[in-house]
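Q: Let me begin by handing over the structure; questions about it come next.
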Amino acid sequence: MGFAAALTLGLASCSSSDTSGTVLSITSSTAGETDTETGTPDPHPGPATTFEINETPVTCENQTMDLMSTAFGAWLGSQIVPTDQPGTSYYFTVKDNQFNPCAELSWVTLEGPNGNPNRDPGNGTNFVDTIVFFNGEDLIRDPAPLQFQDVTSVERIDANRLTLTYRGDWEHSVTYSFTDGQLHGEEQLPTEQSENIRLDLHRAGPSATGAPRPFGNANYRPWDHEKSVGRQYSLMMGGEMITCDFANFNGVQVVCYSETSLPWPLMPRDPQSKAQDMANIAFLNFQADGNITTDAGTFSKPGTKFEMLPDDSVTRIADIFIDTRSEVVKIHDANLAYLLGVGVAEPVEVPSFQLDTSRHPTDLAPWEE
Numbered sequence: 001m002g003f004a005a006a007l008t009l010g011l012a013s014c015s016s017s018d019t020s021g022t023v024l025s026i027t028s029s030t031a032g033e034t035d036t037e038t039g040t041p042d043p044h045p046g047p048a049t050t051f052e053i054n055e056t057p058v059t060c061e062n063q064t065m066d067l068m069s070t071a072f073g074a075w076l077g078s079q080i081v082p083t084d085q086p087g088t089s090y091y092f093t094v095k096d097n098q099f100n101p102c103a104e105l106s107w108v109t110l111e112g113p114n115g116n117p118n119r120d121p122g123n124g125t126n127f128v129d130t131i132v133f134f135n136g137e138d139l140i141r142d143p144a145p146l147q148f149q150d151v152t153s154v155e156r157i158d159a160n161r162l163t164l165t166y167r168g169d170w171e172h173s174v175t176y177s178f179t180d181g182q183l184h185g186e187e188q189l190p191t192e193q194s195e196n197i198r199l200d201l202h203r204a205g206p207s208a209t210g211a212p213r214p215f216g217n218a219n220y221r222p223w224d225h226e227k228s229v230g231r232q233y234s235l236m237m238g239g240e241m242i243t244c245d246f247a248n249f250n251g252v253q254v255v256c257y258s259e260t261s262l263p264w265p266l267m268p269r270d271p272q273s274k275a276q277d278m279a280n281i282a283f284l285n286f287q288a289d290g291n292i293t294t295d296a297g298t299f300s301k302p303g304t305k306f307e308m309l310p311d312d313s314v315t316r317i318a319d320i321f322i323d324t325r326s327e328v329v330k331i332h333d334a335n336l337a338y339l340l341g342v343g344v345a346e347p348v349e350v351p352s353f354q355l356d357t358s359r360h361p362t363d364l365a366p367w368e369e
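First residue of the sequence shown: 1, per full-length UniProt numbering; consecutive thereafter.
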């Protein structure tokens, strides 16, 4: 594929009456990948992490349905959901995506702090876990998702039963089941746990900016590998090896660099620079309108682990996707995209994920700050 070829990730789920299925223009993995500490400090040899399948895939009409395309996607854009406590919202990230549109009962584990947007907007350190349950494609809103101090595991017993183990002052397990159109299990919880804060899935969160981003599901991801932040990732850009810094990634800027060559045009050019001047450090900005600049020099690397990203694949790191299926690498999120190649450092049209948001509820009470 040439570097100018447009990447389209067709991820729209079909309706119950549409049997044509979902068409994708990339080769996608069939299960989620777990991050492992495979990197070594030097010289960037860490092997690629592989997928670990948590359960045998079950097929159904909408088996590739993305978590963002469920009713819960209404809160995934901002990752803020109101709670049943006045003036308090939950500022979450998806800790473990086990949503399975083909299963009678599946779940997603969320992690984050509670906060007030006017006082402490989700920047606390008191993180709690929340389990959101699904029956097939449908979000279970009753009973409302309950917060736990620390969920240590969720394990499947059979098609409609799960064991959730949580830790507070002691470790306790509860079996959840979905029968007769109802989620059961909370009656096993002690009173002090069942009275914890709950999510309010009848009120909207704040409006999200930018395009919807994909999350995949328990058995399908629209990318090949998933890695964690906190390290440097090296990759091949044609015949050149470059490294992108995710050890210091702040969600806004990705810095990529070469230690062996000057592969990119110098931008912006200094009035005193020559036309042939080149650069070895690229700054990719993913905030607002975005921009890309380059410079020549030595990149100060923190003492951290390195890992080599695989060729001919798409890897997700946080909300950033790195596409190495061409000699010119594409690095993008849901809103901005850049190309890096020998002699190439430029913005490009962002890939379209084409996520179906028709299941997002429209009858929610409005967001209140």
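C-beta: ideal position from N, C-alpha, C; glycine also.
Out of 138, 86, 110, 159, point me to the one whose CA is closest to residue 97's CA.
A: Closest option to residue 97, Cα to Cα, is 110.
Q: Kindly indicate the opening and closing residues of the alpha helix (DSSP H) around residue 191.
A: Counting along the chain, the alpha helix (DSSP H) containing residue 191 begins and ends at 191-194.
Q: Please report how far the alpha carbon of residue 338 lies from the alpha carbon of residue 164, in whole angstroms.
A: So the two alpha carbons sit approximately 42 Å from each other.
Q: Along the chain, where does the beta strand (DSSP E) that runs through residue 318 open and close?
A: Premise fails: residue 318 is in no beta strand (DSSP E) and is neither H nor E.
Q: Opposite residue 330 in the DSSP bridges: which residues?
A: Answer is 323, 339, bridged to residue 330.
Q: Within 10 angstroms of the Cβ of residue 147, are there 16 or more other Cβ atoms? Answer buried if so, exposed if not.
A: The residue is buried, with at least 16 neighbouring Cβ atoms inside 10 Å.
Q: In whole angstroms, what is the alpha-carbon distance linking residue 41 and residue 242?
A: Annotation note: pLDDT 34 at residue 41 (below 50); position unreliable, coordinate value reported separately. So the two alpha carbons sit approximately 16 Å from each other.
Q: Can you tell me which residues form a DSSP beta bridge with residue 134?
A: According to DSSP, residue 134 bridges with 106, 139.
Q: Residue 202: which of 326, 214, 81 sits nearest, CA to CA?
A: When each option's Cα is compared against that of residue 202, the closest is 81.
Q: According to DSSP, what are the bridge partners of residue 170?
A: Partner(s): none; residue 170 has no beta bridge.
Q: Could you pull out every residue in the same chain whose Cβ sits closer than 7 Å to the Cβ of residue 185, ignoring the five residues on either side in sequence?
A: Once the five neighbours on either side are set aside, the close Cβ partners of residue 185 are 174, 175, 176, 177.
Q: Please determine, among 340, 294, 194, the residue with the shortest C-alpha to C-alpha distance to residue 144.
A: Of the listed residues, the one whose Cα sits closest to residue 144 is 194.
Q: Throw me the rounded Cβ distance for the residue 350 and residue 341 pair, which I believe falls under 8 Å.
A: Actually they are not in contact, since the Cβ atoms of residue 350 and residue 341 sit about 18 Å apart, beyond 8 Å.
Q: Indicate the three-state DSSP secondary structure (helix, strand or coil) for residue 349 in the structure shown.
A: Note: residue 349 maps to coil in three-state DSSP.
Q: Does at least one heavy atom of the ligand HEM sit under 7 Å from the Cβ of residue 197?
A: Looking at this structure, you won't find the ligand HEM or any other ligand, since it has none at all.
Q: At a cut of 8 Å, does the region 59-74 reach the region 203-223 through at least three beta carbon pairs?
A: In short, these stretches touch, since the Cβ pair count reaches three.
Q: Counting C-beta neighbours from all protein chains within 10 Å, is the total for residue 18 16 or more, i.e. buried, or is it exposed?
A: Note that residue 18 has pLDDT 37, beneath the 50 cutoff, so the model's placement of it is unreliable and the number below is only indicative. Answer is exposed; the Cβ neighbour count stays below 16.
Q: For residue 312, tell me which candidate among 220, 237, 136, 190 has the shortest Cα-Cα distance.
A: Comparing Cα-Cα distances from residue 312 to each of 220, 237, 136, 190, the minimum goes to 237.
Q: Against chain D, does residue 366 count as a neighbour if the rule is that its beta carbon must be under 8 Å from one of theirs?
A: Note that chain D does not occur in the displayed structure, where there is just one protein chain.
Q: Should the region 249-267 be regarded as contacting the region 86-97, the criterion being three or more beta carbon pairs within less than 8 Å?
A: Not touching, per the Cβ criterion.
Q: List the whole-angstrom C-beta distance separating residue 336 from residue 286, where the pair is believed to meet the contact cut-off of C-beta under 8 Å.
A: The Cβ separation is near 5 Å, so the contact holds.
Q: Taking only three categories from DSSP, how would you classify residue 207?
A: In this structure, residue 207 counts as coil in the three-state DSSP scheme.
Q: Spatial neighbours of residue 169 within its chain, please: C-beta separation below 6 Å, excluding the five flanking residues on both sides.
A: Closer than 6 Å at Cβ, skipping near neighbours: no residue.
Q: Determine the closest residue to residue 317 out of 136, 231, 154, 267, with distance taken between C-alpha atoms.
A: That would be 231, whose Cα lies nearest to the Cα of residue 317.
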